[in-house]
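Chemist: In our numbering, the protein residues as written are 60 to 164.
Even for Gly, the Cβ is constructed at its ideal location relative to N, Cα and C.
Keep in mind the model is a prediction, meaning the values are calculated, not measured.
#1: Can you give me the Cβ contacts of residue 137 inside the same chain, cut-off strictly under 7 Å, excluding the 5 residues immediately before and after it?
#2: Check whether the Cβ atoms of residue 106 and residue 130 sit closer than 7 Å, and answer yes or no.
#3: Sorted by chain position, which residues of the same chain lie with C-beta nearer than 8 Å to residue 102's C-beta, five sequence neighbours on each side aside?
#4: To the nearest angstrom, report how far apart residue 84 and residue 65 are at their CA atoms.
#5: Quick one: what's got a C-beta closer than 6 Å to residue 140's C-beta in the same chain, skipping five residues either side?
#6: Using 8 Å as the Cβ pair cut-off and three pairs as the minimum, do the stretch 70-81 and the stretch 144-153 touch?
#7: Quick check on the DSSP output: the alpha helix (DSSP H) that includes residue 85 runs from which residue to which?
#8: When the Cα of residue 155 is compared with those of 62, 132, 71, which residue comes out closest?
Structure, rendered in structure tokens:
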């Protein structure tokens, strides 16, 4: 039983490391979401320019529409990632609290 405090300290340290990695993934997901938003704006601008080009811009309008769809899918996926990361963060924090409770008892 004398190893229990050091084991709990090691577990807590690993959980804190996991929490840090979760935060890093969250930041990357935010960056991806920002790119998706910018891509959506570019697709909107491309659609406007394609409309201005008339008949000659019809093919480009189709491509712009697909880019807009892809940016929407990317935004949805990053939102789902955010939800999963929030759950992982909460569970990790709960584990840290349990380790702290075990350490102090």
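Modeler: The answer reads as follows:
#1: 88, 91, 92, 95
#2: no
#3: 123, 124, 126, 127, 130
#4: 29 Å
#5: 88
#6: yes
#7: 63-111
#8: 71
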